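In this text, residue positions in the sequence shown follow our numbering: the first is 7, and each later residue adds one. Positions of the beta carbon are idealized from the N, C-alpha and C atoms, including for glycine. Bear in mind that the values here come from a model prediction, so they are computed numbers and not experimental data.
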Amino acid sequence: MADFDDITIDDETLERLVGTTVVLTGTDDDDEPAFAYERRAAALLAARLGAKVVLFDRSGETWGDSDYEQLLDVDQVEAAGRGHLCAQMRELRDLGAPEVQAWGYALPALESLGRAIEVTEADVVVVPEKLENPSLGERWLLNRDLPARVQEQAGVRPVLVAQSDGRLDLYEGPSSDTGHGTDAGGAPEEGLP
Numbered sequence: 007m008a009d010f011d012d013i014t015i016d017d018e019t020l021e022r023l024v025g026t027t028v029v030l031t032g033t034d035d036d037d038e039p040a041f042a043y044e045r046r047a048a049a050l051l052a053a054r055l056g057a058k059v060v061l062f063d064r065s066g067e068t069w070g071d072s073d074y075e076q077l078l079d080v081d082q083v084e085a086a087g088r089g090h091l092c093a094q095m096r097e098l099r100d101l102g103a104p105e106v107q108a109w110g111y112a113l114p115a116l117e118s119l120g121r122a123i124e125v126t127e128a129d130v131v132v133v134p135e136k137l138e139n140p141s142l143g144e145r146w147l148l149n150r151d152l153p154a155r156v157q158e159q160a161g162v163r164p165v166l167v168a169q170s171d172g173r174l175d176l177y178e179g180p181s182s183d184t185g186h187g188t189d190a191g192g193a194p195e196e197g198l199p
């Protein structure tokens, strides 16, 4: 559970975000603890910037056919029977986000994030540093470096990494000392968690 009351963000980064109208952040059906502090940080950032938050809802992901690609407000989410998402949207409004919408895409692939960025016209993307309970597919797709993979989809848009204490750090590329991602030859590291 995220228990911080405000975000901590570098003044230079905050200045770079002036003019932001849409903050995109991920969510699911509360199976992933990292999304709780990511959502909270995104809402508090949006409140500071006067921006809309769009929750990129991953709970409907499936490799099957689905028509779940739409931007919804809280009333539409409630009418669709997505109670967990409705509660999350209300929580973000209670934290001061001026407007909250949700967007979902059926395919569990990183390209769906790129589509979300495009459709929602997101100016900034907020992600956790890592997922605490990644599925086997997520571990394979993310190759242990969620912010880097999100930055690939975001292009020139800033990606902010939400920490569990409320700190938001501008992602500036993989750290050479983390040992994350690939070995010296570019192959995925063995021994995924």
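A straight-line Cα-Cα distance of about 7 Å links Gln107 and Met95. In terms of CA proximity to Pro153, Val130 leads the group Leu91, Val130, His90 and Asp35. Here Pro153 carries a helix assignment [DSSP, helix/strand/coil].
In the structure shown, Val162 adopts coil according to DSSP, grouped into three states. Between the stretch 118 to 134 and the stretch 33 to 49 there are three or more inter-stretch CB-CB distances shorter than 8 Å, so the stretches are counted as touching. According to the DSSP assignment, Asp17 belongs to the alpha helix (DSSP H) that extends over Asp17 to Arg22. Residue pairing by DSSP leaves Arg45 without any beta bridge partner.
Among the bridge pairs identified by DSSP, Glu105 is matched with Lys58. If the five residues before and after Glu144 are omitted, its C-beta is found closer than 7 Å to the C-beta atoms of Leu137, all from its own chain and listed in chain order. Boundaries cannot be given for Arg64, as no alpha helix (DSSP H) includes it and DSSP labels it neither H nor E.
The stretch 87 to 104 makes no contact with the stretch 9 to 26, as fewer than three CB pairs between them are under 8 Å. For Gln169, there is no enclosing alpha helix (DSSP H), as DSSP gives it neither H nor E.
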